[in-house]
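Residue numbers (the working numbering), protein chains in the order written: chain S, 1428 to 1725; chain C, 2 to 381; chain W, 50 to 398. Where a beta carbon is used, it is the ideal one built from N, C-alpha and C, also for glycine. Have a look at the structure below, then the notes.
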Amino acid sequence: MFLQQLVNGLIIGGIYAMIAVGYTMIYGVIQLINFAHGEIYMLGAFFAVTFISFLGLPFFAAFLLSMICCAICGMFLDVLAYRPLRESPRLAALITAIGMSIFLQNLAMIIWGSRQKPFPHGSVPAYFGQIAVTFGGVNLSWFHIFIFSFTLVMMLGLHLTIKKTRWGKAMRAVAQNQTMAALVGINVNRVITYTFALAGALGGAAGILVGAYYNSLYPTMGYVAGVKAFAAAVLGGIGSVPGAMVGGVILGVAEALGAGYLSSLYRDGISYAVMIIVIILIPAGLFGKLIKETKKSM
Amino acid sequence: MKKTKNFLIFGLVLCVAVIFGATSTVMAGDTIRIGVASPFTGDLASYGDNIKAGVNLKLAEINGAGGINGKKIELVWGDDLCAPKDAGTVGAKFAADKSIVAVIGHLCSSATLAAMPIYVRAGMPVISPTSTNPTIGDVGKGWFFRNCYTDDFQGKYLAKEVVPNLLKKKKVAIFYENNDYAIGLKDSFMAGAKESGIEVTGAEAYVAKTTDFTPQLTKLLTAKPEAIFLCGYHPEGALIAGQARKLGFNGPLFGADGIDNVDYIKIGGEATENTYCTVPFLAEASGPAGQAFAKNFKAATGRDVDWMSANAYDCLGILADVIAKTGADRKKIRDGLAAINSEANGYKGVTGMTYFNSKGDCAKPAFVKMVKDGKFVSAR
Amino acid sequence: MGRLRIQQLSRGGKIRIGLLILVLILPLFPFISDYALHIAILIFMYMILALGLNIVPGFNGLLDLGYVGFYGIGAYTSGLLTIHFGLSYWLIIPIAFLNGALWGVLLGAPTLRLTGDYFAIVTFGFSELVVLFLTNEIWLTRGPLGLPGIAPPSIDLSWLGGPKWEFAGEVPYYYLAILMVLVTVFVMYRIQDSRLGRAWFAIRDDEIAAVSCGINLLHYKVIAFAISAAFGAVAGSFFARWVTFLSPDMFKFWESFLVLCMIVLGGMGNIWGVMVGAVVLVSLSEILREILPLLGLPVEVRFLVFGLIMVIMMRFRPAGLMPIPAVAAKMKAGQVKRKPAVATAGSKK
């Protein structure tokens, strides 16, 4: 049972990590908790289903297209909602973020209806359901393997992008000091918007994976997932990308083991409790640097 | 600045005026007005839609036959979103409208519980087609009736009848949703299981709208149950079925009326095979009146009949019967409903014989359905 | 204080007194139904909630996303004390007030030293934990089964040889709610003009300047949070005795959002504006309930509208429809905010 719970936790933890990375990147560059990020995750799942059922696309094509759409959504979110508020106090941006989250959630409800939807029958490749490996009495399907490897590749790719590429360097520069970054010729607004795009694509991918794996999507799915991913980001140290990855996995495993061995009723509470305890005791998280109150704060 | 203020105050007065105005227009006329309260929008709108379909069918029949003593029935819809706060508002609205003589609803037990004190205060008879929570009868103080069995009955029936005699299993794991309906059901099932000698190997809870049930299922399955009790509603039930099969469970699943929905099979797919559920209405098992109702329902709505619609259909039937005898007056309707207290003077509808005890509860037969080859069929 | 300001105040005062009289005699009109009174009571209750929440974002500039947690604590305090001990409502109000304040201090003291964002998210987590607690601790709260049969308040004068009135119908609740709103408004105005209020405004306008004036940030923020929580709990205690039924579903995040929306719309920090926000949003919500089905639109549009209101207000009128100068200057001017904010703060004294 322990092994099985560990696998359960790793799967969900990997997904939390993918969402958490989005929170943490955005917080890193503009110190904003993007509450609408959970909604991008939800949109990812719905886009994929729409592409499959209306355009008849195969799973992987829909997957890719949906990620691109989510990236665009992320950019729109930044340009329309957050960019006009760059100079405003953080309170204004936070309230906007919550407003966007509620707006997108209900927009999705109007477009797709509030009922729970399955992934279209037969759209997910059939071999995904087959068992790939068995060890210690635990069956691993190809879908498990796909989720593990996809998360791993994404995280590695992201890490390399931030560390090695020109764009990654620009992003880190903006995170450190926007004014200085602008002075050395970095287009700050563009870097921020691209960060939103990247976060959106990853969040969307997580949404599709969850939707397909559990075979269920509904407009409010982003709410709980978003909060938990945020807790993961806080645990890892908000603003730190490797921290978000580790935080996501830890939280996922803690949740599965907690539900299995302690109380399943407080399963969702585990994330909230972890979040509050970490914020009170080690606000810098496991990997983060404590971000001091900046001038912009209100 | 000043302009804005004046504008604001004007807007405010307008807002308030609209609300007050909306209620002061009491429509008098030669109709009998009955309120119907259910969630017609929001998460549970599909259930409200069932109620609407059932009541509308009966309405067309009654009014088509000339109404009650020459008076047509008019229905007033109240959308309570299945939320206690909104249910209170809808209740206040119905209670304040003196032309409304009775209420059919609410759908959710929590909504009924929240609105009931208002109805009691205003002296409004209420008949619910679906609120199964056993405690409502105490809060209703004689003004509440229901045309459905309570959760107590369903759970006991599953434990004493379905599991030992139909499934022929001895060890059962319970997976229940953390809400009023499922907890009531779980508790009565456990009580019944003790009497009929069924071993409950474990009970785990989940929260509505969860998608990942594997941690709890993994835990439940380590005790090697022979059957799993899906104690909750169909959207989660379908996912649980899928995930239980993935974890290697092949035994039968069973649940109560919350599982009975075509979406259960649509979402869950093949994993839902071999699922049993109890329902208050089953067209195949009901008499000729029920068969005819099922046929009319299909013709009117284009979908298969469900138990909620059937109960709602009978609710309006009972009210119409009582109003025909006593006249359209709240107090008299209450007394009329309370007088239906034994099988001899019960109301015979499509869901069987209905008569109320002193708490407004009624005894209803239960039927068992099962999923076979991607369809719900009678299990007997 | 300038002359203009006094004139404005007296003019506003006239309108206010006029409105108050109108509100007081409202139930006497024959065309007022119980439904209208029900909505009016709902509005008053949200006014108390909004006034209470206003202290944190409006007076202190901190975002509180978990206000509904205290509302829930107050409601269940009231409900449980009534059911198990039959306590009088007049005793329950101070108990709920203190209980709310206690939780406010417990949560605020360790977290208010952090930056605003962290605080916002901690409050959010707290309110979710409150809901989980209310749902899962069935032995205490009956969990999702709900808490039915809470007795209505009564005025017992039998110890004076007088009669005992039990509240029935909406009218007594209506007057009780008005009384509670008036007391709340009075307290808010008194706080606003006190040393405490000035310290809060200093913190809101410029924390660094406030510290250098010798204001203990944590101390004042915790007091603010506790008072805000206490008023939330008082509103909850009223709600419990009015609806006479509680269930944990009533205290979801959505309620926090709604109250926040009210103060953002009305004008953060403006007592009068916040009350207007409550009136507008509660009525809007009822009007949309009637109108949307007629237009064939789903009810979700209602929530969509609320979300949009937040975004649009922040974009175009971040200080609300009835802004107060200090907040307006701060929310709009962004980086160069310091000068006008200090100027208005100075002119206020």
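Quiz item: What in chain S is Cβ-close to C/A54, meaning under 8 Å?
Solution: Position 53 of the second sequence, counting from 1, holds the residue named residue 54 of chain C. Correct list: empty, because the minimum Cβ distance to chain S is about 16 Å.
Self-check item: Enclosing beta strand (DSSP E) for C/F230 [first to last residue]
Solution: If you number the second sequence from 1, residue 230 of chain C lands on position 229. Taken as a continuous stretch (DSSP letters only), the beta strand (DSSP E) holding C/F230 covers 228-232.
Quiz item: Residues of chain W with CB under 9 Å from C/I184, in chain order?
Solution: Stepping through the second sequence from its first residue, residue 184 of chain C is reached at position 183. Chain W residues near C/I184: I187, G192, P193, L194.
Quiz item: Is W/K270 close to chain S, meaning its C-beta is less than 9 Å from at least one C-beta of that chain?
Solution: Walking along the third sequence from the start, residue 270 of chain W turns up at place 221. Chain S contact via Cβ: absent.
Self-check item: Between the CA atoms of W/S261 and W/L111 - distance to the nearest angstrom
Solution: For this step, residue 111 of chain W is matched to residue 62 along the third sequence. For this step, residue 261 of chain W is matched to residue 212 along the third sequence. Going by the C-alpha atoms only, they are around 20 Å apart.
Exercise. For the beta strand (DSSP E) containing C/Y207, list its first residue and its last residue.
Key: What you label residue 207 of chain C is simply residue 206 of the second sequence in a count that begins at 1. Taken as a continuous stretch (DSSP letters only), the beta strand (DSSP E) holding C/Y207 covers 200-207.
Practice problem: State the CB to CB distance for the pair S/I1706 and W/Y167, rounded to an integer number of angstroms; the pair is presumed to be in contact (CB under 8 Å). | Solution: Indexing the first sequence from 1 puts residue 1706 of chain S at position 279. Indexing the third sequence from 1 puts residue 167 of chain W at position 118. With a Cβ gap of about 5 Å, S/I1706 and W/Y167 count as contacting.
Practice problem: In the DSSP assignment, find the beta strand (DSSP E) that holds W/K213 and state where it starts and stops. | Solution: Here residue 213 of chain W is taken as the residue at index 164 of the third sequence, counted from 1. Residues 213-215.
Self-check item: Cβ neighbours of C/K333 in the same chain (closer than 8 Å, five flanking residues each side left out)
Solution: Here residue 333 of chain C corresponds to residue number 332 of the second sequence, with the count starting at 1. T327.
Self-check item: Spatial distance of W/L147 from W/V283 (CA atoms)
Solution: Translated into positions along the third sequence, residue 147 of chain W becomes position 98. Translated into positions along the third sequence, residue 283 of chain W becomes position 234. Rounded to the nearest angstrom, the two C-alpha atoms are 9 Å apart.
Quiz item: Roughly how many angstroms lie between the CA atoms of W/M362 and W/I373, to the nearest whole one?
Solution: Here the question's residue 362 of chain W lines up with position 313 in the third sequence. Here the question's residue 373 of chain W lines up with position 324 in the third sequence. Roughly 15 Å separates the two Cα atoms.
Quiz item: CB W/T293 to CB W/G218, shorter than 9 Å?
Solution: Position 244 of the third sequence holds residue 293 of chain W. Position 169 of the third sequence holds residue 218 of chain W. The answer is no: Cβ separation not under 9 Å.
Self-check item: Segment contact, 8 Å Cβ cut-off, at least three pairs: the region 97-106 of chain C with the region 299-307 of chain C
Solution: no
Quiz item: Under the three-state reduction of DSSP, which class applies to W/M324: helix, strand or coil?
Solution: Here residue 324 of chain W corresponds to residue number 275 of the third sequence, with the count starting at 1. The answer is helix: DSSP assigns W/M324 an H, G or I state.
Quiz item: Which chain S residues are close to W/M311, counting only those with a beta carbon under 8 Å from its beta carbon?
Solution: Mapped onto the third sequence, residue 311 of chain W falls at position 262. Correct list: empty, because the minimum Cβ distance to chain S is about 12 Å.
Practice problem: Compare the C-alpha of C/Q244 against each of C/A183, C/N275, C/Y356, C/T215 and name the closest. | Solution: Stepping through the second sequence from its first residue, residue 244 of chain C is reached at position 243. Of the listed residues, the one whose Cα sits closest to C/Q244 is C/T215.
Practice problem: Going by CA-CA distance only, name the one from C/T32, C/I324, C/A364, C/N262 that's closest to C/N342. | Solution: As a position in the second sequence, residue 342 of chain C is number 341, starting the count at 1. With distances taken between Cα atoms, C/N342 lies closest to C/A364.
Quiz item: Nearest to C/A1 by CA position, among C/S359, C/A321, C/K370, is which residue?
Solution: The question about residue 1 of chain C has no answer here: the residues shown for chain C are numbered 2 through 381.
Quiz item: Quick one: is W/T131 near chain C, going by C-beta distance under 9 Å?
Solution: Locating residue 131 of chain W in the third sequence gives position 82, counting from the first residue. So no, W/T131 is outside the interface.
Quiz item: Which one or two residues does DSSP pair with C/A103 in a beta bridge?
Solution: The residue you call residue 103 of chain C lines up with position 102 of the second sequence. Answer is C/I35.
Quiz item: Between the beta-carbon of S/G1670 and the beta-carbon of S/L1708, is there less than 9 Å?
Solution: Numbered from 1 along the first sequence, position 243 holds the residue referred to as residue 1670 of chain S. Numbered from 1 along the first sequence, position 281 holds the residue referred to as residue 1708 of chain S. Going by C-beta atoms, S/G1670 is not nearer than 9 Å to S/L1708.
Self-check item: Test item: CB-CB of S/G1653 and S/S1528 under 9 Å
Solution: Here residue 1653 of chain S refers to the residue found at position 226 when the first sequence is read from its first residue. Here residue 1528 of chain S refers to the residue found at position 101 when the first sequence is read from its first residue. A contact, by the Cβ cut-off of 9 Å.
Exercise. Flag C/N251 as yes if its beta-carbon sits less than 9 Å from any beta-carbon of chain S, otherwise no.
Key: As a position in the second sequence, residue 251 of chain C is number 250, starting the count at 1. Judged by the 9 Å Cβ criterion, C/N251 is not in contact with chain S.
Exercise. With distances taken Cα to Cα, identify the nearest neighbour of C/A224 among C/S129, C/A204, C/W144.
Key: The count along the second sequence starts at 1 and reaches residue 224 of chain C at position 223. It is C/A204.
Quiz prompt | Where the beta strand (DSSP E) containing C/T276 begins and where it ends | solution = Taking the first residue of the second sequence as 1, we reach residue 276 of chain C at position 275. 276-280 is the span of the beta strand (DSSP E), which, as asked, contains C/T276.
Practice problem: Using a Cβ cut-off of 8 Å, pull out every chain C residue sitting near W/F300, in sequence order please. | Solution: Position 251 of the third sequence, counting from 1, holds the residue named residue 300 of chain W. Per Cβ cutoff of 8 Å: no residues; W/F300 is ~10 Å from chain C at best.
Quiz item: Is it true that the region 181-197 of chain W meets the region 289-307 of chain W, where meeting means three or more beta-carbon pairs spaced less than 8 Å apart?
Solution: yes
Exercise. Specify whether the region 216-231 of chain W and the region 91-100 of chain W touch according to this definition: at least 3 beta carbon pairs, one from each stretch, less than 8 Å apart.
Key: yes
Quiz prompt | chain S contact for W/Y167 (CB, 9 Å cutoff) | solution = Residue 167 of chain W sits at position 118 when you count from the first residue of the third sequence. So yes, W/Y167 belongs to the interface.
Quiz item: Just checking my contact of S/L1625 with S/M1452 at CB under 8 Å: how many whole Å lie between their CB atoms?
Solution: Within the first sequence, numbered from 1, the residue matching residue 1625 of chain S stands at position 198. Within the first sequence, numbered from 1, the residue matching residue 1452 of chain S stands at position 25. Confirmed, about 7 Å.
Quiz item: Under the rule that 16 or more other beta-carbon atoms within 10 Å means buried, what is S/T1523, buried or exposed?
Solution: Here residue 1523 of chain S refers to the residue found at position 96 when the first sequence is read from its first residue. It is buried - the Cβ of S/T1523 has at least 16 other Cβ atoms within 10 Å.
Quiz item: Which chain W residues are close to S/L1504, counting only those with a beta carbon under 8 Å from its beta carbon?
Solution: Here the question's residue 1504 of chain S lines up with position 77 in the first sequence. Result: empty, since nearest Cβ-Cβ is about 10 Å, beyond 8 Å.
Self-check item: Through-space distance from C/A339 to C/N358, alpha-carbon basis
Solution: Taking the second sequence and counting its residues from 1, one reaches residue 358 of chain C at position 357. Taking the second sequence and counting its residues from 1, one reaches residue 339 of chain C at position 338. Using only the alpha carbons, I get a separation of about 8 Å.
Quiz item: Is the Cβ of C/I268 closer than 9 Å to any Cβ of chain S?
Solution: Locating residue 268 of chain C in the second sequence gives position 267, counting from the first residue. Closer than 9 Å to some Cβ of chain S, the Cβ of C/I268 qualifies, so yes.
Practice problem: Specify, as a first and last residue, the run of the alpha helix (DSSP H) that C/Y356 falls within. | Solution: Along the second sequence, one-based indexing puts residue 356 of chain C at 355. Per DSSP, C/Y356 belongs to no alpha helix (DSSP H) and is neither H nor E.
Exercise. Please work out which residues of its chain come closer than 8 Å, Cβ to Cβ, to W/R366, disregarding the five sequence neighbours upstream and downstream, and give them in chain order.
Key: Working through the third sequence from its first residue, we reach residue 366 of chain W at position 317. Around W/R366: P372.
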